[in-house]
Amino acid sequence: MLFLSLSLAFASDPVDIGVLQEKDIKVVQKLLFSKEDRLELSAHLGVMPFDGFTWAPSAALGGAYHVSESLGFEGRLGGGYGFKTSRYTLLESSAYGVAVEAYRYLGSAEATVLWSPIYAKMNVAGRRIIHHDVYLLAGAGVTLEQSVLPSVDIAIAPTLPLGIGARVFFADNLAFRVELRDGLMIEKREQSDVTAFKQSVGVNLGLSYFGKKG
């Protein structure tokens with residue numbers, strides 16, 4: 008009995024493992040949905056609503072390869088069509104008679120680096136845990152645009168895509184994506200013979216499919 012009591016007392020003694028350091032945090036994190044060494048195929052629908060003279064619905068297809076949980080490379084092809092805004096229609100009406108040399112979005116091709124510094128879990132109403140990540144993107148590309156003037160001049164503009172996005176994982180191979188994406192363009196305009204800087208900010212919603220590891 009004495010031996011049993013001593014054994015129980017010894018087993019109940021706490022074990023001091025020390026202070027958990029910041030560099031050790033990744034050891035205790037469990038990534039339920041991994042991206043490393045996987046191919047991500049995605050489809051996106053979006054809108055570019057922030058230009059003063061045109062707005063454009065858009066669609067895109069992308070393919071990304073993730074070399075680690077935080078770093079990936081993506082190529083994307085997009086297309087759409089820019090429509091005149093009410094402001095532009097008012098300016099070109101008989102009341103003002105002003106024809107602004109605006110350009111509408113037609114398509115784009117981009118290659119970007121995806122950096123995902125955040126992977127997190129969110130409790131929704133105490134019933135479900137949602138896994139998501141947040142990523143930043145930057146890269147290079149080219150954008151095809153067309154003048155809204157009767158001359159319908161074409162501009163091919165070098166583009167610097169920048170943005171922020173998030174994935175919400177539904178399964179090991181399926182995720183929902185939302186992005187705020189900006190295209191910084193240098194555009195040559197034929198009628199005025201000037202080279203202009205232009206931003207093309209869009210909001211995109213997408214769906215991603217992840218292939219098998221390796």
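Offset between the sequence shown (1-based) and the numbering used here: plus 7. Glycine included, C-beta positions come from ideal geometry on N, C-alpha and C.
So, is residue 35 buried or exposed, given that buried needs 16 or more other C-beta atoms within 10 angstroms?
As a working note, residue 35 is residue 28 in the sequence shown. Annotation note: pLDDT 47 at residue 35 (below 50); position unreliable, coordinate value reported separately. Residue 35 is exposed by the Cβ-count criterion.
Pull the bridge partners of residue 94 from the DSSP assignment, please.
As a position in the sequence shown, residue 94 is number 87, starting the count at 1. DSSP, once it has assigned bridges, lists no residue as partnering residue 94.
With a 10 Å radius around its C-beta and 16 neighbouring C-beta atoms as the bar for buried, classify residue 69 as buried or exposed.
Counting from 1 along the sequence shown, the entry for residue 69 is found at position 62. Classification of residue 69: buried, given that the 10 Å Cβ count is 16 or more.
Give me whichever residues DSSP pairs with residue 185 in a beta bridge.
As a first step, residue 185 is located in the sequence shown; it is residue number 178 there, counting from the start. Partner(s): 173 and 212.
What residues in its chain sit with their C-beta under 8 Å from that of residue 216, if we drop five residues either side in the sequence?
Locating residue 216 in the sequence shown gives position 209, where the first residue counts as 1. Taken in chain order, the residues that qualify are 47, 48, 49, 180 and 181.
Just to confirm my understanding: we take residue 76, look at its own chain, exclude 5 residues before and 5 after, and list those with CB closer than 8 Å. What are they?
Walking along the sequence shown from the start, residue 76 turns up at place 69. Within the same chain, residue 76 has close Cβ partners 38, 41, 42, 43, 123 and 126.
Are residue 79 and residue 117 closer than 8 Å when you measure CB to CB?
Position 72 of the sequence shown, counted from the first residue, corresponds to residue 79. Position 110 of the sequence shown, counted from the first residue, corresponds to residue 117. No, Cβ-Cβ distance for residue 79 and residue 117 is not below 8 Å.
Under 7 Å Cβ to Cβ from residue 107, same chain only, skipping five residues before and after it: list those, please.
Walking along the sequence shown from the start, residue 107 turns up at place 100. These residues qualify, in order along the chain: 60, 95 and 98.
With C-beta atoms as the reference, is residue 115 less than 8 Å away from residue 149?
Start at 1 with the first residue of the sequence shown, and residue 115 comes out as number 108. Start at 1 with the first residue of the sequence shown, and residue 149 comes out as number 142. Taking 8 Å as the Cβ cut-off, residue 115 and residue 149 qualify as a contacting pair.
Assumed close pair residue 45, residue 195 - CB separation to whole angstroms, cut-off 8 Å:
Numbered from its first residue, the sequence shown carries residue 45 at position 38. Numbered from its first residue, the sequence shown carries residue 195 at position 188. Between residue 195 and residue 45 the Cβ distance is about 40 Å, and since that is not below 8 Å, they are no contact.
Using the Cβ count rule (16 or more neighbours within 10 Å means buried), how would you classify residue 134?
Position 127 of the sequence shown holds residue 134. Result: exposed.
Between the Cα of residue 58 and those of 165, 156, 174 and 205, spot the shortest distance and give me the residue it belongs to.
As a working note, residue 58 is residue 51 in the sequence shown. Nearest C-alpha to residue 58: 205.
Residue 100: buried (16+ other C-beta within 10 angstroms of its C-beta) or exposed?
Working through the sequence shown from its first residue, we reach residue 100 at position 93. Per the 10 Å Cβ criterion, exposed.
Return the CA-CA distance between residue 176 and residue 137, expressed in angstroms with no decimal places.
Stepping through the sequence shown from its first residue, residue 176 is reached at position 169. Stepping through the sequence shown from its first residue, residue 137 is reached at position 130. Rounded to whole angstroms, residue 176 to residue 137 spans 7 Å at the Cα level.
Can you tell me which of the three DSSP states residue 156 falls into?
The residue labelled residue 156 in the question sits at position 149 within the sequence shown. In this structure, residue 156 counts as coil in the three-state DSSP scheme.
Three-state secondary structure assigned by DSSP to residue 43:
The count along the sequence shown starts at 1 and reaches residue 43 at position 36. It is coil, neither helix nor strand.
Can you tell which of 202, 156, 84 and 88 has the C-alpha that lies nearest to the C-alpha of residue 104?
Taking the sequence shown and counting its residues from 1, the one referred to as residue 104 is at position 97. When only C-alpha atoms are compared, the closest one is 156.
Look up residue 140 in the DSSP assignment and give the residues it is bridged to.
Counting from one through the sequence shown, the residue named residue 140 turns up at place 133. 126 and 174.
Tell me which residues share the same chain as residue 193 and place their Cβ nearer than 7 Å to its Cβ, disregarding the 5 neighbours each side in the sequence.
In the sequence shown, the residue the question calls residue 193 occupies position 186. By the criterion of a C-beta distance shorter than 7 Å, residue 193 is surrounded in its chain by 164, 165, 202 and 204, once the five residues flanking it on both sides are discounted.
Would you kindly report the start and end of the unbroken beta strand (DSSP E) that includes residue 80?
Here residue 80 refers to the residue found at position 73 of the sequence shown. From DSSP, the beta strand (DSSP E) with residue 80 extends over 78–87.
For residue 206, write down the residues that DSSP places opposite it in a beta bridge.
As a position in the sequence shown, residue 206 is number 199, starting the count at 1. Answer is 191.
C-alpha gap between residue 140 and residue 84, whole angstroms:
For the purposes of this step, residue 140 is taken as residue 133 along the sequence shown, with counting starting at 1. For the purposes of this step, residue 84 is taken as residue 77 along the sequence shown, with counting starting at 1. Those two C-alpha atoms are separated by around 23 Å.
Measure the C-alpha to C-alpha separation of residue 152 and residue 207 and round it to an integer number of angstroms.
For the purposes of this step, residue 152 is taken as the residue at position 145 of the sequence shown. For the purposes of this step, residue 207 is taken as the residue at position 200 of the sequence shown. Approximately 11 Å, taken between the alpha carbons.
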